[in-house]
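Residue numbering for the sequence shown follows the working numbering, starting at 589 and increasing by one per position. The beta-carbon is built from N, C-alpha and C at its ideal position, and this holds for glycine as well.
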Amino acid sequence: MSGWNVIVIGGGHAGLEAAWAAAKFARTALLVGNPATIGRMPCNPAVGGPGKSQLVFEVQALGGLMGRLADDTAIHTRVLNASKGPAVQSLRVQNERDAYAERAQEVILGHLGIDVVRGEAADLEADGQGGWFVVTTDGRRLHARSVVIAAGTFMRGVTWYGRHSRAEGRQGEPPSRFLSEPLARGGHVLKRYKTGTPPRVRADSVRFADLLEIPADPQPRSFTGRPGPRAAESPTWQTHTTPETHRLIQENLHESPMYAGDIAGLGPRYCPSIEDKVVRFAHHDRHLLFVEPDGVQTSEVYLQGFSSSLPPALQDRLVRTLPGFEAAVIQRYAYAVEYDVVDSTELTLNLESRLLPGIFTAGQINGTSGYEEAAAQGLVAGTAAARRAEGLAKLQISRETGYLGVLLDDLVFKGSDEPYRMMTSRVEHRLVVRQDNADERLTELGFELGLVDEATRQAVQAKYQRVSEGIRSLQTQRVQGQPGDAWLRRPEFRLEDVEALGFTLPSLSTEEREAVAIRVKYAGYIERAERQLTAENRARELSLKGVEFGRITALSNEAREKLERVRPATVEQAARVPGVRHADISALLVHLRRNEGVSRET
């Protein structure tokens, strides 16, 4: 079959979401080298975590797929930062690796609107009418109005095991050999990035009794509101490096392709290899490692935090220096992978190429790392590609929308010089855009875009109607002269403590009770954050004409230097300058308020 509205290249987490979203609007093809690799989790078998779970909740609210797949195949769930405020709490779901891929394939292969096409993309050719041909290595010319490239780490991919390298994308799969060329020919600047993965160890060679066990939360949480049937079935574990681990690494750094200068690609700052940790943090005598099962009846475990590109023989010695791993047998060795990425500043906020209209990119090809970041981009690119193909209005997701908006804004306006990872610290108003209210914030947008159905929309509206009723119930009842919301705002009180005093609540789900508690406990902080956000939105068009940035002492040194060089015309333009942080924008606004003659851009 030929003549699709959208062709998606790649079946990883970005490609899955792109095809799933596009198929809600238009006839879609998913071009993959091997359908059996669709939905594969090549790195850690988990979804979520700080800064990442918020993305998954937002993808779920917009009708995406990742949260559903994660919940269906969960074997361990845990809310991280549970003792801290709701702005930084995050859900992390450990998944059964093979089951996740199988479930993804079941959904995609069974979708009537998605044609899975086997082949390798060799070239991109404009049709002269705003559409594109994807030319495969066997000579087929597949036509579509829009194309989404979700090539992951495969573009001119090279894996490294010590000083030895070979051309491949991941786990022995062939690389994407030809896609870099048409992008470069079209004017895109390609950069070289690097990432890596830890070794997988045979589970029956590990002494789990010597490890610190981390149980799942007894009451499993979920991205969809429906925890999977085995969501609390397996623990995870913790071990750590030892002085012997560090000594072996220091003595063998010449075997690392990074330290030997073989790899030119830039690696991830926030997910360094074990070699990087030992070198950069030499004052630490140990580094924590997380031992994660690949399944309930697993044959191997994943050593999170032990990413490496050292030679296999040395990996054997290193792993056996870890408590509980003295007799460990590595089933799959760690490796580094080097690959091409596009300069994300050459994209629009819809992830469409500014140089090749109709070509969209999503995932690690845009310089990001992580399943969650890839899925979020896939949903945006797939939706935007389909809307373009159908002649619909462009997708509009601003930075204030939430983590997804921050991700897009950072990539397009600030770019990256290393694999980009979403973190809560990147989000200025994280108390307003929490994981627990993603559905309230984004379901309506998903409905307007055609990604969410009417039944889901009504269910979310009903949920927050019940939450409002719960809050009103607390406000209208009194015990010892105080309303329930006043009792709940006491730091030491939980909702259960308020009920123990005699307050009654309507029947609410676990998520609805949480929403009531957060809205009441943090009402003052949330209102203040919302006022600040409103004020900042009004201030975006303020003129910076005549401002001497070098004389504003409250700015960081980097911001003063960058702003003096770039000379942005408005506050909004200043916020787009790489190196200018939210605190710097606040300092600018204070400076403008203190000075006469502030004018608005017209």
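Go to Y959, then tell me how far its alpha helix (DSSP H) extends in each direction, as first and last residue.
-> Y959 to A977
Quick check: the stretch 679-698 against the stretch 750-759, are there 3 or more CB pairs under 8 Å?
-> no
Does the distance from the C-beta atom of R920 to that of P787 stay below 8 Å?
-> yes
By DSSP, does E832 sit in helix, in strand, or in coil?
-> helix
Span of the beta strand (DSSP E), counted from its first residue to its last, around A714 | A709 to A714
Could you name the residues of the same chain whose beta carbon sits closer than 8 Å to that of L1083, not counting the 5 residues immediately before and after it, in chain order?
-> L1076, L1093, R1101, V1104 and A1105
Return the chain-ordered list of same chain residues with a C-beta closer than 8 Å to the C-beta of Y1194, the five sequence neighbours on each side being excluded.
-> Nothing about residue 1194 can be read from this structure; the chain reaches only from 589 to 1190.
State the Cα-Cα distance for the pair E988 and E1124, rounded to the nearest angstrom.
-> 10 Å
Give me whichever residues DSSP pairs with Y1008 in a beta bridge.
-> T956
Own chain, CB closer than 7 Å to I1132, minus 5 neighbours either side, in chain order | Residue identity check: residue 1132 is Leu in the sequence provided, not Ile. Once the five neighbours on either side are set aside, the close Cβ partners of L1132 are P1156, A1157, T1158, V1159 and A1162.
Going by Cα to Cα distance, which pick from V994, G813, V704 and Q903 is closest to V789?
-> Q903
Can you list, in chain order, the stretches of the alpha helix (DSSP H) that have 4 or more residues and sit fully within the stretch 1021-1097?
-> 1026-1037, 1042-1064, 1072-1076 and 1083-1088
Go through the stretch 881-949 residue by residue and report every complete run of the beta strand (DSSP E) that reaches 3 residues or more, in order.
-> 888-892, 918-920, 923-930 and 947-949
Express the C-alpha separation of T665 and S981 in angstroms, rounding to a whole number.
-> Per the sequence presented here, residue 981 reads as Ala, with Ser not at that position. For A981 and T665, the distance between alpha carbons rounds to 39 Å.
Spatial distance of G1069 from V1055 (CA atoms) = 24 Å
Within the stretch 631-679, note down every full alpha helix (DSSP H) run reaching 4 residues or more, in order along the chain.
-> 641-649 and 654-660
Going by Cα to Cα distance, which pick from V705, A610, L679 and Q682 is closest to I626?
-> V705
Beta carbon of T1098, beta carbon of Q807: below 8 Å?
-> yes
Could you round the C-beta distance between L1180 and L1143 to whole angstroms and report it? I think they count as a contact, below 8 Å.
-> Contact doesn't hold; Cβ gap of about 13 Å is too wide.
For the stretch 1149-1185, which segments carrying the alpha helix (DSSP H) assignment without a break, of at least 4 residues, lie completely within its bounds, in sequence order?
-> 1159-1163 and 1170-1182
Separation of R1022 from L1096, as counted between CA atoms = 20 Å
With V794 as the anchor, note down where its alpha helix (DSSP H) starts and where it stops.
-> Taken as a continuous stretch (DSSP letters only), V794 belongs to no alpha helix (DSSP H), as it is neither H nor E.
Rounded separation between M1011 and D1085 - CA only | 33 Å
Start-to-end residues for the beta strand (DSSP E) that takes in I702 | I702 to R706
Check whether the Cβ atoms of A977 and A614 lie closer than 8 Å to each other.
-> yes
Between which two residues does the alpha helix (DSSP H) carrying R1116 extend?
-> A1111 to A1127
L1143 - containing alpha helix (DSSP H), residue span = Where L1143 is concerned, there is no enclosing alpha helix (DSSP H), given that its DSSP letter is neither H nor E.
DSSP bridge partner residues for K779 (one or two, in chain order) | V929
Continuous beta strand (DSSP E) stretch holding E801: start and end = L800 to I802
For the stretch 936-947 against the stretch 772-782, are there 3 or more C-beta pairs whose distance is under 8 Å?
-> yes
F878, DSSP secondary structure in three states | strand
How would you label P881, buried or exposed, when you count the other beta carbons within 10 angstroms and need 16 or more for buried?
-> buried
Any chance the stretch 1023-1037 sits against the stretch 648-663, with 3 or more Cβ pairs inside 8 Å?
-> yes
A602 and Q965 look like a contact to me (Cβ under 8 Å); what is the Cβ gap, rounded to whole Å?
-> 6 Å
Coarse secondary structure for Y847, derived from DSSP in three states = coil
Nearest-angstrom Cβ-Cβ length linking L799 and V879, presumed shorter than 8 Å | 6 Å
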